[in-house]
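Structure record follows, encoded as structure tokens.
Number of protein chains: 2
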Amino acid sequence: MKAEIVSIGTELLMGEITDTNATYLTNQLTAFGMKTTHVTQVRDDLDEIVDILSLAWNRSKIIVVTGGLGPTHDDLTRDAIAKLFNEELYRDPNIENHIKQFLSNRTGRTPASINLRQADIIPSAQPILNTAGTAPGLLIQSDGKVLLSLPGVPHEMEKMWQEAGSTIMANANTNLAIKTRTIKTFGLSESAVSDLIPEILSEKDPYTGIYAKPDGIHLRIISMAPSSEEANKKLINIQQAIVHSLKEFIWGWDEDTPAGVLGALLTNKGATIATMESMTGGLIGSTITDVPGSSAYYKGGFITYETQAKTNLGVSQNDIHTYGVVSPQVALSMAKRTIELTNADVGISITGSAGPTAAEKEEPGTYYIGIQYKDKGTAITGTFRSNRLAVKLRATTHAIIETVKLLNSV
Amino acid sequence: MKAEIVSIGTELLMGEITDTNATYLTNQLTAFGMKTTHVTQVRDDLDEIVDILSLAWNRSKIIVVTGGLGPTHDDLTRDAIAKLFNEELYRDPNIENHIKQFLSNRTGRTPASINLRQADIIPSAQPILNTAGTAPGLLIQSDGKVLLSLPGVPHEMEKMWQEAGSTIMANANTNLAIKTRTIKTFGLSESAVSDLIPEILSEKDPYTGIYAKPDGIHLRIISMAPSSEEANKKLINIQQAIVHSLKEFIWGWDEDTPAGVLGALLTNKGATIATMESMTGGLIGSTITDVPGSSAYYKGGFITYETQAKTNLGVSQNDIHTYGVVSPQVALSMAKRTIELTNADVGISITGSAGPTAAEKEEPGTYYIGIQYKDKGTAITGTFRSNRLAVKLRATTHAIIETVKLLNSV
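These protein sequence lines are chains A and B, in that order.
With our numbering as the guide, the letters of the first sequence map in order to residues 1 to 410.
With our numbering as the guide, the letters of the second sequence map in order to residues 1001 to 1410.
As structure tokens, then:
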């Protein structure tokens, strides 16, 4: 079933914001078995909006529109929809009440009359309640087609999609069940993964996409069939074949994040963790604490950016002198001292050079990860030639995934 | 002059990647005085690509195409352009040589013949050298119109734009000089800024856009005039009026980042800095060290996530007991201890609750920043009700900008 997205807002066309709504929606539509053929961004211009909506209505079954539902005179989506379907807007009293209540709850004041424009709707449209804001969504179903108009503010749009849009899509595509699965690997390049599973990647049904992400190479399987059982069976077959070929490189599934997987493992083992970072400057600690509830297992850490900060904390001066501050020996010494200083069960450390200039003799992009789990210690070398921020992010992800591997192996 | 963007690639329409190329290019086109009316994402489907290119060629003066220039049979932009202009592709020997050399330099092997498809071009197009990859860009100029086809890989696209595309655009729009300026503020909401400068924001020439960003509210002035001097004069007038109204809230200009501004100030004063963070978990240290050369002024830091980590480092147990660990007194005590422990000139600290559940009695999203500069200390309260990651990012930005303010005031 062909779908398309229309994103409305002059700010998009001036490069002031990126259309992440389109990414979210095309991803969702794909999971519902739709084929999105076009995403179009247009300005807040009535004629231009009507033109693209009319083109979309002619060539696609499903049209999802975002943006242009706000209260100001630049917000023209309601007018464009009225013009497209040749109907007149009227003010819906129920929506008007919702808007008045929402705004007076938030500001304690009677809303300005301009806000009530958001209660305007055409007779053939069904309003969709906005539980996160004022502008309702609009749903038009006719000729076996669906036009769904959502707010442009990402969190309002996503909430409305989850609460109402997804059900509308599931109903629109009753003849196919869809199952998806994402498998997340780390440690192989995109071409190395392709070389290991060439037949799977050239298969069209189920379709497996391959994507390079900051946390490794992801494989996304999309399986469709008349029944849910059949779709699931096809998915499991491909999944097993992928796991068979890539087992040792897989660290997560679907919505997993490296820090989330690490947190679940630590919670499961009742273990605590602490960090000592130089090159990453605190990014490992920050990433671990991105997970809600991480205070239960993350004790804290040290950012030993200058060499003296390391020796002050008791990292072996002798190792630094003999091997250099960017070395596997110093990484290991840092991880050990982390445990001694904090009483954590696991210590992670990083020493390296993020660039653009070398910290020591090592080339920028070279780093060493130290991991100490009770009496077991290991040092891992990493290299990633890119800009400073990408190197920091890569080293952080690498350190967390190596810690996951080590905890899984004991 | 009307412009539009066509972004080609099935992965965009499946929501696997976000079209950040469009953001970059619409931003650039705006700065060159173009009005981008449409951005369209299409799949790797020859007919669909030809349809949209033909529509774009009819309605716009400038068309910038990204993607679909790779070596595989899914890469159809060359074929679509040939079909659009009704010409035949031929293999250009100079491009062929560039591709052979580029690939053999990188891999040490003779490139597979499929790579040489990238040397195919139509007679009326001019190739644009790709210094960062193999696929050349294509330029067609006819009927006073410009079609520029660039690779889809963002760093290749941006490099080619900077090296060639920007000159093409400047030549296409010879009759206008354009000056832009971004003014970055922190501490006021978007509507509070709007209320302070309503006339400036409703002015069309020069145009001033207002944008809410993680590091505050940005104002972007775009000034166009027949001469560069005139454009500049108009820009300076608006800029002065904005500075007059918002002076105390402005922390940066154009490409400035909070950490970059802080780094420049510290370098200028010959001062060093260190951090002690609980709620942000290392994000302040990581953000400070995102700046190349930060090792000259950043000594290091402590991530005192659990309360005991704070008292272990000598943060006043009495203050924690009396005021609670999330309190301005403890923030100040942390900042002081940071200086004592590291000998840095400036100490920054944060204590707070990122949510979703409260750390103590304080609501999630409430935090206290401590800043100690030599013998001068201050504690600042912040609240930001959002998700955990957004709260961490906001508190980090807030802490860095408050440190900039304090250093500027002494």
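In this text, a Cβ means the ideal position worked out from N, Cα and C, and glycines have one as well.
Model, not experiment: these values are computed from the prediction.
Residues that Phe-1302 of chain B contacts on chain A, provided the C-beta gap is smaller than 8 Å: Taking the first residue of the second sequence as 1, we reach residue 1302 of chain B at position 302. Simply Gly-300, Gly-301, Phe-302 and Ile-303.
Cross-chain neighbours of His-73 of chain A in chain B, by beta carbon under 8 Å: For this step, residue 73 of chain A is matched to residue 73 along the first sequence. None at all; the shortest Cβ gap to chain B is about 12 Å.
Boundaries (first-last residue) of the beta strand (DSSP E) holding Val-42 of chain A: Your numbering for residue 42 of chain A matches position 42 in the first sequence. 35 to 42 is the extent of the beta strand (DSSP E) around Val-42 of chain A.
Pairwise C-alpha distance: Asp-1079 of chain B and Ala-1132 of chain B: Translated into the one-based positions of the second sequence, residue 1132 of chain B becomes position 132. Translated into the one-based positions of the second sequence, residue 1079 of chain B becomes position 79. Computed Cα separation, rounded: 23 Å.
Coil, strand or helix - Leu-138 of chain A by DSSP: Position 138 of the first sequence holds residue 138 of chain A. Three-state result, Leu-138 of chain A: strand.
For Glu-16 of chain A, the nearest candidate out of A:Lys-35, A:Gln-41 and A:Lys-2 (CA to CA): Locating residue 16 of chain A in the first sequence gives position 16, where the first residue counts as 1. The residue with the shortest Cα to Cα distance from Glu-16 of chain A is A:Gln-41.
Residues of the segment 1259 to 1270 of chain B with Cβ closer than 8 Å to any Cβ of chain A, in chain order: none
Interface flag, Met-1224 of chain B vs chain A, CB-CB below 7 Å: Residue 1224 of chain B sits at position 224 when you count from the first residue of the second sequence. Answer no: the Cβ-Cβ gap between Met-1224 of chain B and chain A never drops below 7 Å.
Buried or exposed (CB count within 10 angstroms, at least 16 for buried), Thr-66 of chain A: If you number the first sequence from 1, residue 66 of chain A lands on position 66. Its Cβ being crowded by 16 or more others within 10 Å, Thr-66 of chain A is buried.
Proximal residues to Asp-1074 of chain B (C-beta, below 7 Å), its chain only, five neighbours per side dropped: In the second sequence, the residue the question calls residue 1074 of chain B occupies position 74. Asp-1044, listed in sequence order.
Environment of Gln-1372 of chain B [buried if 16+ CB atoms lie within 10 Å]: Translated into the one-based positions of the second sequence, residue 1372 of chain B becomes position 372. So Gln-1372 of chain B counts as buried.
Reference Leu-1029 of chain B; option with closest CA among B:Ser-1113, B:Ile-1121 and B:Ile-1222: Numbered from its first residue, the second sequence carries residue 1029 of chain B at position 29. The candidate whose alpha carbon is nearest that of Leu-1029 of chain B is B:Ile-1222.
Minimum Cβ-Cβ distance from Glu-1016 of chain B to chain D less than 7 Å: This model lacks chain D altogether, as its protein chains are A and B.
Min CB distance Arg-1388 of chain B to chain A below 7 Å: As a working mapping, residue 1388 of chain B is identified with position 388 in the second sequence. Yes, Arg-1388 of chain B counts as interfacial toward chain A.
Helix, strand or coil at Val-1193 of chain B according to DSSP, with G and I counted as helix: As a position in the second sequence, residue 1193 of chain B is number 193, starting the count at 1. Residue state, collapsed to three classes: helix.
Contact set between Gly-209 of chain A and chain B, taken where Cβ atoms lie within less than 8 Å: On the first sequence, position 209 is the one that residue 209 of chain A refers to. By Cβ distance, chain B contributes Glu-1011, Met-1014 and Glu-1016.
8 Å contact criterion, which Pro-1292 of chain B and Arg-388 of chain A should meet: CB distance rounded: Residue 1292 of chain B sits at position 292 when you count from the first residue of the second sequence. Residue 388 of chain A sits at position 388 when you count from the first residue of the first sequence. Going by Cβ atoms, the distance from Pro-1292 of chain B to Arg-388 of chain A rounds to 6 Å, so yes, they are a contact pair.
Contact between the segment 1153 to 1167 of chain B and the segment 1111 to 1118 of chain B (3+ Cβ pairs under 8 Å): no
Outcome for Val-243 of chain A when other beta-carbon atoms lying within 10 angstroms are tallied against a minimum of 16: Translated into the one-based positions of the first sequence, residue 243 of chain A becomes position 243. It is exposed - the Cβ of Val-243 of chain A has fewer than 16 other Cβ atoms within 10 Å.
Span separating the alpha-carbon of Leu-369 of chain A from that of Ile-63 of chain A: Sequence index remark: in the first sequence, residue 369 of chain A carries index 369 (1-based). Sequence index remark: in the first sequence, residue 63 of chain A carries index 63 (1-based). In the sequence as displayed, the identity of residue 369 of chain A is Ile instead of Leu. Cα-Cα distance, rounded: 49 Å.
Where the alpha helix (DSSP H) containing Gly-330 of chain A begins and where it ends: Along the first sequence, one-based indexing puts residue 330 of chain A at 330. The residue you asked about is not Gly; residue 330 of chain A is Val in the sequence shown. Its alpha helix (DSSP H) spans residues 328 to 342.
Residue from A:Ser-278, A:Ser-228, A:Ser-189 and A:Lys-204 whose Cα sits closest to the Cα of Ile-246 of chain A: In the first sequence, counting from the first residue as 1, residue 246 of chain A sits at position 246. Reading off the sequence, residue 246 of chain A comes out as Leu, not Ile. The option with the nearest alpha carbon to Leu-246 of chain A is A:Ser-189.
CB contact flag (Val-346 of chain A, Met-334 of chain A, <7 Å): For the purposes of this step, residue 346 of chain A is identified with residue 346 of the first sequence, where counting begins at 1. For the purposes of this step, residue 334 of chain A is identified with residue 334 of the first sequence, where counting begins at 1. No. Outside cutoff.
Cβ separation of Phe-249 of chain A and Phe-186 of chain A, assumed to be a contact under 8 Å, to the nearest whole Å: Along the first sequence, one-based indexing puts residue 249 of chain A at 249. Along the first sequence, one-based indexing puts residue 186 of chain A at 186. Rounded, the Cβ-Cβ distance is 6 Å, consistent with contact.
Residue from B:Thr-1267, B:Thr-1023, B:Met-1014 and B:Ile-1400 whose Cα sits closest to the Cα of Gly-1252 of chain B: By 1-based counting over the second sequence, the position of residue 1252 of chain B is 252. The candidate whose alpha carbon is nearest that of Gly-1252 of chain B is B:Ile-1400.
Member of B:Thr-1272, B:Glu-1306 and B:Tyr-1207 whose CA lies at the smallest distance from the CA of Glu-1340 of chain B: As a position in the second sequence, residue 1340 of chain B is number 340, starting the count at 1. Cα-wise, what sits closest to Glu-1340 of chain B is B:Thr-1272.
Interface partners of Ser-1060 of chain B on chain A, CB under 7 Å: The residue you call residue 1060 of chain B lines up with position 60 of the second sequence. Those within 7 Å of Ser-1060 of chain B in chain A number zero; the least Cβ separation is about 12 Å.
Beta-carbon proximity list for Leu-1201 of chain B, same chain, < 7 Å, skipping 5 on both sides: Taking the first residue of the second sequence as 1, we reach residue 1201 of chain B at position 201. Around Leu-1201 of chain B: Ser-1194, Thr-1208 and Ile-1210.
Interface partners of His-398 of chain A on chain B, CB under 9 Å: The residue you call residue 398 of chain A lines up with position 398 of the first sequence. Here the premise fails: no neighbours, minimum Cβ distance about 16 Å.
CA nearest to the CA of Glu-1229 of chain B, picked from B:Thr-1180, B:Thr-1275, B:Glu-1048 and B:Tyr-1323: If you number the second sequence from 1, residue 1229 of chain B lands on position 229. Out of B:Thr-1180, B:Thr-1275, B:Glu-1048 and B:Tyr-1323, B:Thr-1180 has the C-alpha closest to the C-alpha of Glu-1229 of chain B.
The ligand FAD heavy atom lying under 6 Å from the CB of Lys-405 of chain A: The model depicted lacks the ligand FAD and carries no ligand whatsoever.
Distance, Gly-352 of chain A Cα to Val-1050 of chain B Cα: Residue mapping note: residue 1050 of chain B aligns to position 50 of the second sequence, counting from 1. Residue mapping note: residue 352 of chain A aligns to position 352 of the first sequence, counting from 1. Distance between the alpha carbons of Val-1050 of chain B and Gly-352 of chain A is about 49 Å.
Three-state secondary structure (DSSP) of Ser-228 of chain A: What you label residue 228 of chain A is simply residue 228 of the first sequence in a count that begins at 1. Of the three classes helix, strand and coil, the one that applies to Ser-228 of chain A here is helix, per DSSP.
7 Å Cβ cut-off: residues of chain B touching Glu-203 of chain A: Counting from 1 along the first sequence, the entry for residue 203 of chain A is found at position 203. The premise fails here: Glu-203 of chain A is roughly 15 Å from chain B at the closest Cβ pair, so nothing lies under 7 Å.
Cβ-based contacts, 9 Å cut-off: residues of the segment 23 to 37 of chain A near chain B: Thr-23, Tyr-24, Leu-25, Thr-26, Asn-27, Gln-28, Leu-29, Thr-30, Ala-31, Lys-35, Thr-36 and Thr-37
Proximal residues of chain B, C-beta to C-beta of Leu-283 of chain A below 7 Å: If you number the first sequence from 1, residue 283 of chain A lands on position 283. In chain order: Gly-1282 and Ser-1286.
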